[in-house]
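In our numbering, the protein residues as written are 225 to 599.
In this text, a Cβ means the ideal position worked out from N, Cα and C, and glycines have one as well.
What you are looking at is a predicted structure, and each value in this text was computed from that prediction instead of being measured.
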């Protein structure tokens with residue numbers, strides 16, 4: 225009933241298949257991954273590779289060839305732009321646009337050391353990409369007309385960056401002769417001494433003591449940092465010319481209210497948001513709208529020949545010529561600037577006949593094309 229040759233053949237086949245199947249699985253997964261690379265994808269990450277090996281469902285995102293700089297931030301190096309220009313990245317397919325944006329921004333920041341990413345999608349493709357790095361150093365936090373200077377000084381114990389200080393100059397006191405170190409004066413041979421000219425000062429007499437040097441206030445500034453006996457002070461440019469690097473100063477810490485502008489600048493440096501200034505033009509989308517209609521925070525509004533209105537009420541109506549100081553992410557600030565300088569048809573990307581006819585005049589001027597700026 226059983227043939228020995230058949231039994232041996234089947235047993236050997238099963239054993240060979242069991243031994244070769246792990247290697248076949250690895251080779252098959254590798255081939256499935258390479259298919260996407262051959263198709264044009266030039267970068268894969270670990271989670272996408274696992275997904276490719278299992279079901280093979282991914283979506284590719286190709287970055288634009290031209291990468292811009294984000295206004296208000298330091299530009300990134302050209303080498304980083306060349307690495308990202310035209311690169312194709314793979315992501316899991318079933319992602320919403322918001323999730324895809326977050327993953328793309330996170331990957332660019334982590335893999336290339338970019339501080340901020342402004343990306344805009346159009347029909348599932350990246351239509352706009354801008355990069356920027358966070359401004360570093362003291363320069364971005366200095367007000368106009370002020371400088372930062374390192375001097376030799378000793379601020380009070382517990383003084384920290386942001387404390388208002390006064391800079392005092394203390395003249396050096398003239399060195400007094402030490403009576404214990406004086407050598408006895410030798411009297412020449414043949415000379416006589418007149419004891420009548422020597423008058424001993426009585427104990428507790430009225431001998432004049434040298435006057436203490438009077439300190440002089442040199443400048444007023446803000447403490448920015450302390451390292452041993454060196455202190456960094458932010459002060460006016462005119463006061464900085466009165467300070468010398470060879471002199472040791474005394475720093476007096478003053479009580480004052482917390483510097484709101486300094487605190488705001490520090491928070492803004494550490495946040496993903498930045499500040500932009502834009503002016504509303506006539507017949508723009510924001511012309512005649514309320515502050516509450518702006519898509520982000522309006523820190524201040526400056527009208528022509530009027531003082532700046534800080535933290536304006538949400539019910540304030542905007543008009544052409546108003547300058548807005550807005551705080552938000554770069555992609556949101558671009559949309560606000562677009563609404564402040566373009567009409568409704570241009571910001572919405574409308575291209576119907578009615579809008580086209582209304583946007584042209586006798587000189588042949590027409591509305592700006594929305595192109596990649598539409599969102």
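- The beta-carbon distance between residue 391 and residue 473, rounded to whole angstroms, is 5 Å. This is short enough to meet the 8 Å contact definition.
- If you check the CB distance, residue 393 and residue 471 come in under 8 Å.
- For residue 282, the closest alpha carbon among the candidates 251, 293 and 324 is that of 324.
- Between residue 510 and residue 539 a beta carbon distance of about 15 Å is seen, past the 8 Å cut, so the two are scored as non-contacting.
- The beta carbons of residue 354 and residue 302 sit no closer together than 8 Å.
- In the pairwise beta carbon analysis, the segment 323-337 is classified as not touching the segment 523-536: fewer than three pairs are separated by under 8 Å.
- Counted as a single uninterrupted DSSP element, the alpha helix (DSSP H) harbouring residue 307 occupies residues 302-308.
- Out of 386, 372 and 286, the CA that lies nearest to the CA of residue 347 is found in 286.
- For residue 548, the uninterrupted beta strand (DSSP E) segment begins and ends at 547-552.
- In the DSSP annotation of this structure, residue 383 is not part of any beta strand (DSSP E), being labelled neither H nor E.
- If you draw a 10 Å sphere on the C-beta of residue 290, you find fewer than 16 other C-beta atoms in it, and that means exposed.
- Residue 456 and residue 372 have their C-alpha atoms roughly 7 Å apart.
- Taken atom to atom, the span from the alpha-carbon of residue 231 to that of residue 237 is near 10 Å.
- Under the three-state reduction of DSSP, residue 457 is assigned to strand.
- Between the beta-carbon of residue 502 and that of residue 545 there is about 12 Å, and that puts the pair past the 8 Å contact cut.
- Of the candidates 349, 491, 508 and 459, the residue whose Cα lies closest to the Cα of residue 552 is 491.
- For residue 332, the enclosing alpha helix (DSSP H) begins and ends at 321-336.
- For residue 564, the number of other beta carbons within 10 angstroms of its own is at least 16, and it is reported as buried.
- By the Cβ-count criterion, residue 537 is exposed, with fewer than 16 other Cβ atoms from all chains shown falling within 10 Å of its own Cβ.
- In the three-state reduction of the DSSP assignment, residue 393 falls in the strand class.
- Three or more beta-carbon pairs drawn from the segment 331-345 and the segment 294-311 are found closer than 8 Å, and the two stretches are therefore classed as touching.
- In the DSSP annotation of this structure, the continuous segment of the beta strand (DSSP E) that includes residue 355 starts and ends at 349-356.
- In the assembly as shown, residue 233 is an exposed residue. Its beta-carbon has fewer than 16 other beta-carbons within 10 Å.
- DSSP places residue 473 inside the beta strand (DSSP E), whose first and last residues are 472-477.
- For the pair residue 319 and residue 448, the CB atoms are not nearer than the 8 Å cut-off.
- A direct Cα-Cα distance of roughly 18 Å separates residue 468 from residue 476.
- With fewer than 16 neighbouring CB atoms inside 10 Å of its own CB, residue 541 falls in the exposed class.
- Here residue 458 really is in contact with residue 366; their C-beta atoms are around 6 Å apart, less than 8 Å.
- Counting along the chain, residue 442 sits inside the beta strand (DSSP E) bounded by residues 440-451.
- For residue 508 and residue 305, the gap between their C-alpha atoms comes out near 34 Å.
- Between the C-alpha atoms of residue 321 and residue 331 there is a straight-line separation of about 15 Å.
- Within the same chain, and ignoring the five residues on either side of residue 561 in sequence, the residues whose Cβ sits closer than 8 Å to its Cβ are 500 and 502.
- Going by C-alpha positions, residue 239 is about 16 Å away from residue 249.
- By DSSP's assignment, residue 501 forms a beta bridge with 549.
- Straight through space, the alpha carbons of residue 512 and residue 506 are spaced by roughly 9 Å.
- In the structure shown, residue 368 falls within a coil segment according to DSSP collapsed to helix, strand and coil.
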